[in-house]
Each structure stands twice: as C-alpha cells, then as structure tokens.
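Student:
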Amino acid sequence: MILAAALITVVLGACNRTPDMVLPSEPMAWLMVDLELAEALAMERNLDGYTMDSSRLTLRRSVLAKHGINEAVLDSSLRWYGAHLPQFLKVIDRADSILADSLRAFQNEESNSRIIAAGDTAYLWPKAPSAVFARSEASTFLAFEIQADSTWKFGDVFTLTFAFDNARSPVSATLAADYANRNQSTEAVSRSLYPGDERHLELKLQLDSNMMAKRVYGYLRLTPQADERAIVDSIRLMRTRLIHDDYIDSRRSLNRFNRNAK
4 MILAAALITV VLGACNRTPD MVLPSEPMAW LMVDLELAEA LAMERNLDGY TMDSSRLTLR
64 RSVLAKHGIN EAVLDSSLRW YGAHLPQFLK VIDRADSILA DSLRAFQNEE SNSRIIAAGD
124 TAYLWPKAPS AVFARSEAST FLAFEIQADS TWKFGDVFTL TFAFDNARSP VSATLAADYA
184 NRNQSTEAVS RSLYPGDERH LELKLQLDSN MMAKRVYGYL RLTPQADERA IVDSIRLMRT
244 RLIHDDYIDS RRSLNRFNRN AK
C-alpha cells in the first residue's frame with residue numbers, strides 16, 4: 004500500500020509538471036496578469052511622443068525581465084498551453100482571480116482617498132473593475148448598487164465606463180436612479196455595445212436637478228455563446244457635479260416611470 008501510494012504521487016506529480024522551457028501554471032498566471040496590465044498601461048501612454056508599438060515593446064521587455072524569462076520561454080509556454088487547453092483554462096481563471104483581487108484593492112483605496120480629498124468628483128464603482136462572461140460563470144449579469152450619502156447633491160452626474168474585449172456577443176449596460184420624491188420616480192438610461200464597434204462604452208445618467216436621488220444602480224449583461232470568454236474591464240462609475248450648459252441634452256435619452264403608479 005505504501006509503495007502504491009508513492010507511485011500514485013509520482014505519477015500525479017509528473018502529470019502536473021511542465022517541460023523545462025514552459026512556465027508552471029502559477030508563474031504563468033502571474034505573468035499573464037503583468038502582461039495584461041502592461042498592455043493597459045501602453046494604451047494610457049500612447050501620448051507625448053510614444054507610439055503604441057514602442058510602448059508595448061518597452062513594457063513587454065520589462066515584464067519579462069521582472070519574471071526572469073525571455074521571449075523564447077514565453078513563446079514555448081504559450082505554444083505548450085495552447086496545445087493543453089484544460090491547463091490553459093485553469094491558468095486563465097487563476098490570472099482573472101489575481102487581477103480582480105489586485106485591482107479591487109487598488110480601486111477601493113483610490114476611491115476612498117478621492118472621496119475624502121475631492122468631495123466634488125468621486126469614483127464609486129463598488130465591485131472588481133473587471134469581469135468575465137462565459138458559460139462557466141454563474142451569471143450573465145453584473146449588478147451593482149450605490150446608496151446615497153451626504154456628499155450627493157441635486158443634479159449630480161453618474162458616468163459608467165468600461166472596455167470590451169474578446170467577445171462575439173453584445174454587452175448591454177443600464178444605469179438607473181431611484182428618487183426620494185412622493186411618486187417614487189425612477190430614471191434609467193441604457194446602451195448596448197456590439198463586437199466590432201468601439202472598444203469602450205460610456206453611459207451617462209444626469210440626475211434631476213429638482214429631486215434628490217436615494218440610490219444609483221444598474222447592471223451589465225452579456226449572454227455568451229459556447230466557448231466564448233468575453234472580458235469587460237477598466238470598469239468605472241464616476242460621480243461629478245451638475246454642468247448647467249449640458250443639463251438638457253444629457254437628459255434627453257432618459258426613461259422615466261413612477262414606482263408607485265397604480
């Protein structure tokens with residue numbers, strides 16, 4: 004029995020082992036996270052004389068150096084994982100988890116500091132700043148809710164933005180506000196983004212300047228096809244103050260109804 008258990012341990016260890024020029028699953032997941040962050044930073048730095056290609060190359064080299072590997076190891080790792088799909092899907096899931104946890108912590112810290120320091124402009128997204136839509140995920144919805152506090156004012160503007168990648172299905176976004184008036188009014192705005200359209204979506208909810216909102220809420224929705232793994236990232240919900248010159252135009256696309264209508 005002891006010999007059999009030892010043999011099973013050896014066999015299982017061999018099955019989980021990757022070739023010499025291939026990164027194990029955990030280091031590969033951390034590498035994918037850093038490469039994703041480098042890609043996002045390259046897009047942000049596409050200013051001041053940087054070109055997209057030069058930014059990507061410089062940041063990619065820095066990421067590989069940080070992980071102590073070269074292009075040859077990266078290429079062989081990608082080829083190996085591409086030929087071993089179950090292992091690759093586990094790496095992707097682990098990378099998604101690492102990225103979500105890291106960015107959630109960062110955004111919570113940034114949001115709290117900006118709310119305290121600024122007062123007028125606040126970043127209020129309450130969840131992880133990225134989400135995956137796939138058949139393996141629990142839901143086709145990503146819902147959120149923000150309760151009003153003492154910093155909210157009449158006519159505040161809430162702007163939801165995000166990026167959309169690796170999708171074959173459209174994503175729809177809805178942003179709504181419940182008011183504390185007698186009729187219990189609700190206003191909402193919606194928009195959909197289709198694959199092949201612009202990569203970024205912006206949805207703006209201009210609150211009524213004569214009523215106080217008690218909460219803002221909404222959702223993102225995507226119904227994935229088989230084998231589809233769509234990514235929504237860089238999600239932000241920003242609150243800014245009323246700009247009178249934009250007020251009328253910003254409210255044209257709103258739908259309004261009363262929750263206590265009989």
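Each residue of the sequence shown is one higher than the one before, counting from 4 in the numbering used here.
Cβ coordinates follow ideal geometry from the N, Cα and C atoms, glycine included.
1) Compute the Euclidean distance between the alpha carbons of M35 and A75, then round it to the nearest angstrom.
2) Grab me the residues of A121's own chain with a C-beta within less than 6 Å of its C-beta, minus the 5 sequence neighbours each way, in chain order.
3) Given this structure, state the Cα-to-Cα distance separating M214 from G71, to the nearest angstrom.
4) Under 6 Å Cβ to Cβ from T124, same chain only, skipping five residues before and after it: list those, please.
5) Note down the Cα distance separating M46 from N186, rounded to an integer number of angstroms.
6) Identify whether P22 lies in helix, strand or coil by the three-state DSSP scheme.
7) So G85 is in the alpha helix (DSSP H); what residue range does that whole segment cover?
8) Runs of 4 residues minimum, wholly inside the stretch 115-194: which ones carry the alpha helix (DSSP H) assignment?
9) Could you tell me the alpha carbon to alpha carbon distance between A216 and V174, rounded to whole angstroms?
10) Do you know whose CA, among T143, F91, A179, S142, lies nearest A151's CA?
11) Is the beta carbon of L62 closer than 8 Å to that of A41?
12) Nearest-angstrom Cα distance between D248 and P227?
13) Express the C-alpha separation of T154 and F136 in angstroms, rounding to a whole number.
14) Using DSSP with H/G/I as helix, E/B as strand and the rest coil, what is Q90?
15) When you compare the CB positions of P132 and A170, do they come within less than 8 Å of one another, or not?
16) Answer yes or no: do D266 and L210 have a C-beta to C-beta separation smaller than 8 Å?
17) What are the boundary residues of the beta strand (DSSP E) that I238 is part of?
18) I need the straight-line Cα distance from G52 to N184, nearest angstrom please.
19) Taking a contact to mean a Cβ-Cβ separation below 8 Å, would you say L240 touches F161 in this structure?
Tutor: Inspection of the coordinates gives the following:
1) Approximately 16 Å between the Cα atoms of the pair.
2) Low per-residue confidence applies at A121: pLDDT is 45, beneath 50, and the placement is therefore not dependable, though the value from the model is reported in the following sentence. Non-local beta-carbon contacts of A121 in its own chain, meaning distances under 6 Å to residues more than five positions away in sequence, are absent.
3) A straight-line Cα-Cα distance of about 57 Å links M214 and G71.
4) So the list reads T243, once near-sequence residues are dropped.
5) Approximately 46 Å between the Cα atoms of the pair.
6) Coil.
7) Per DSSP, G85 is one residue of the alpha helix (DSSP H) stretching across 74-86.
8) Those alpha helix (DSSP H) runs which fall completely within the stretch 115-194 and span 4+ residues do not exist here.
9) A216 and V174: Cα-Cα distance of roughly 27 Å.
10) Of T143, F91, A179, S142, the smallest CA-CA separation from A151 is found for A179.
11) Taking 8 Å as the cut-off, the beta carbon of A41 is found closer than this to the beta carbon of L62.
12) Approximately 40 Å, taken between the alpha carbons.
13) Rounded to whole angstroms, F136 and T154 show a C-alpha spacing of 34 Å.
14) Helix.
15) Result no, Cβ atoms of P132 and A170 do not sit closer than 8 Å.
16) A query on residue 266 cannot be resolved here, the shown segment of the chain reaching from 4 to 265 and no further.
17) I238 -> beta strand (DSSP E) spans 232-243.
18) Reliability of the predicted coordinates at G52 is poor, the pLDDT of 49 falling under 50, and no value is obtained from them.
19) Yes, the pair counts as a contact, with Cβ atoms nearer than the cut-off.
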